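Report on the following structure.
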Amino acid sequence: MSSFTQNISEPTNKHVSVGLDGKVSVDLTFVEEPLGLPAQEGYGWPQLEFNQTIGPGSRYVIVRKLGWGMSSSTWLARDLQENSHVAIKILNGYNTDLAQRGRVWELEALKRLSSPTSSAHCLRLISNFTIPGKGSAGKHLCLVTQLLGGDVKSLHERHRTVFPFLLAKRILLHVLRGIVHAHSRGVVHTDLKHDNVFFDACTSAEVLDKFLASDPPRRHPPESSYDGTVSAAVSQPLPAPTMEEAMQRNYVVADFGSAQSITNHTTDEITPLPLRPPEIIIGGPWNEKVDIWTFGCLIFELVTGRGLFKYEPYEKYNLDEKNYILYQIICYTGEDFSAEQLTVSSLAGNFFDSTCNLRARPPLFNYPFELSIRSYKVIQEADVLSTAALMRRCLRLDPAQRASAADLLSDPWFAGVD
């Protein structure tokens, strides 16, 4: 919800209130991305028309909206030059400004990943350009990439069941190959999770055109906004495959919107807390091994269908979210933080005492990965042990002790997986 003291017509989605000082405030609610709000306030989402042409030489024709996120919306488009379909991620005005000032590194990351050679398991940049936005939206950086079918999170939600073990292995192997490629190009993803892993579209232009004709693009009813009346395009992702089809799909690490250079970090505020590596929580130095930590969490999630760490305060032990995450990390790994690691971590004193124990509540027992995996009863005992062993190579407190992505490729867990 966003608040402005603007006189806006068409009150279908606006809620007017009067404060104690007599000032009128207008709250706006939106069915999808908040169109028509100023870039300078953190908004500025693009407003596009179906069949609109954009890009140098009007190369791309907008077909439909695939979806949107916190900083952008993604559109299906036809590339008139190559007579093919592509995806165009269009940043909102606020994030385009950040990119132009070097605060968002996504474009540089994609350039590194795409040239001189690309990977079948990393998002590939085809072209990039900037277009003017409407009203107060500012400018929009457009990133043209190969068309992907959807993300692993949506695949799981559609089928509402744990992935077959071999499918989980296939997805994880492809993700690992993508990480190897990214790290070899000096890129850290920093936000590796199941909704940033996509499957390929795996369809011909003719089949896709037939599908699009049967499900044409749509718009939501008009809404009021700061810039006047707007009408958001309905998010219409491509259909998810069946489980059998998913076993044949290629999986791609995507959404490098939070990516950073291995050697030059623009922020230490990375990774959602349930997946956040311990060195980030305690303010320590970090490198590409943060992706290995989140990969270890992803192993557990794809195999069991559940998150490894619980993101919530633990009132029984009077632990806030961060202390509870650290508590769980120590319980699961069976490791203790070393004095050497805590000494170089600027926030360690907020959590640990002089004896390297968690101030809020030192864990009283270990709960190995095997026990947690076994409790969900989704794989055989031999697979429980090998999965836990792979996770243990990733989820070490000291980043230097974590395996590299390249080393993990040869782990026996991936034997026979393609």
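Counting from 778, one number per residue, gives the positions in the sequence shown under my numbering. All residues carry an ideal CB built from backbone N, CA and C; glycine is no exception. As the structure is a computational prediction, the values presented were derived from the model and not from experiment.
A distance of 8 Å or more separates the beta carbons of Asp1068 and Ile1057. Around the beta carbon of Ala1180, 16 or more other beta carbons lie within 10 angstroms, which makes this residue buried. The alpha-carbon of Val1011 is positioned some 41 Å away from that of Gly1060.
Distance from the Cα of Ala886 is smallest, within the candidate group Glu818, Asp874 and Thr922, for Thr922.
Contact between the segment 1126–1138 and the segment 1082–1100 is present: three or more C-beta pairs spanning the two stretches fall below 8 Å.
Annotation: Phe1033 to Ser861 spans about 23 Å, alpha carbon to alpha carbon.
Exposed is the label assigned to Pro909, since fewer than 16 other Cβ atoms lie within 10 Å of its Cβ. Rounded to whole angstroms, the separation of the alpha carbons of Arg937 and Ser981 is 28 Å. With a beta-carbon spacing of about 32 Å, Ala1023 and Leu918 fall beyond the 8 Å limit used to define contacts. Taking 8 Å as the cut-off, the Cβ atoms of Thr1081 and Lys970 do not count as close. Per DSSP, the continuous beta strand (DSSP E) segment holding Thr907 begins and ends at Leu902 to Pro909.
Contact between Leu925 and Ala1031 holds, with the beta-carbon distance rounding to 6 Å and staying under 8 Å. Taking 8 Å as the upper bound for CB-CB distance, Asp928 and Phe988 are not in contact here, some 19 Å apart. Judged by their CB atoms, Arg889 and Val964 are nearer to each other than the 8 Å cut-off. In the same chain as Glu810, and ignoring 5 residues on each side of it, the C-beta atoms closer than 7 Å to its own belong to Trp822, Trp845, Ser850 and Ala1009, in chain order. The alpha-carbon separation between Leu805 and Pro1055 amounts to approximately 38 Å.
If you look at Asp856, you'll find it in the beta strand (DSSP E) that goes Ser849 to Asp856. With a cutoff of 8 Å on beta-carbon distance, Ile903 and Val863 are scored as near each other. Assignment of alpha helix (DSSP H) within the segment 1073–1111, counting only whole runs of 4 or more residues, yields 1098–1110 in chain order. If you look at Ile1058, you'll find it in the alpha helix (DSSP H) that goes Pro1055 to Ile1058. Annotated three-state conformation of Tyr1144 is coil, per DSSP. Taken through DSSP and simplified to helix, strand or coil, Arg962 comes out as coil.
Put simply, of Tyr871, Val1161, Arg935 and Ala1137 the residue whose alpha carbon is nearest the alpha carbon of Pro1090 is Ala1137. Secondary structure at Cys919: strand, using DSSP grouped into helix, strand and coil. Taking every protein chain shown into account, the CB of Phe1142 has fewer than 16 other CB atoms within 10 angstroms, so this residue is exposed. Spatial neighbours of Ile1150 in its own chain (CB-CB distance under 8 Å, excluding positions within 5 residues in sequence) are listed in chain order as Phe1077, Val1080, Thr1081, Ile1156, Val1161, Thr1164 and Ala1165. Looking at Lys1093, Leu1075, Leu1148 and Glu1092, the one whose alpha-carbon comes closest to that of Gly1111 is Leu1148. Closest in alpha carbon position to His898, among Ile1039, Arg1026 and Leu1119, is Arg1026.
For Val803, the enclosing beta strand (DSSP E) starts and ends at Val801 to Leu805. Here Ala816 has Gly870, Tyr871, Ala914 and Gly915 as same chain residues with Cβ atoms under 6 Å from its own Cβ, once five neighbours each way along the sequence are excluded.
Comparing alpha-carbon positions, the option among Pro833, Pro1049 and Thr1043 lying closest to Asp972 turns out to be Pro1049. A residue is called buried once 16 or more other Cβ atoms fall within 10 Å of its Cβ, and Gln1118 is buried on that count.
When C-beta atoms of the segment 995–1005 are compared with those of the segment 941–960, fewer than three pairs fall below 8 Å, so the two segments do not count as touching. One thing to note: Gly1073 has its Cβ within 8 Å of the Cβ of Leu1172.
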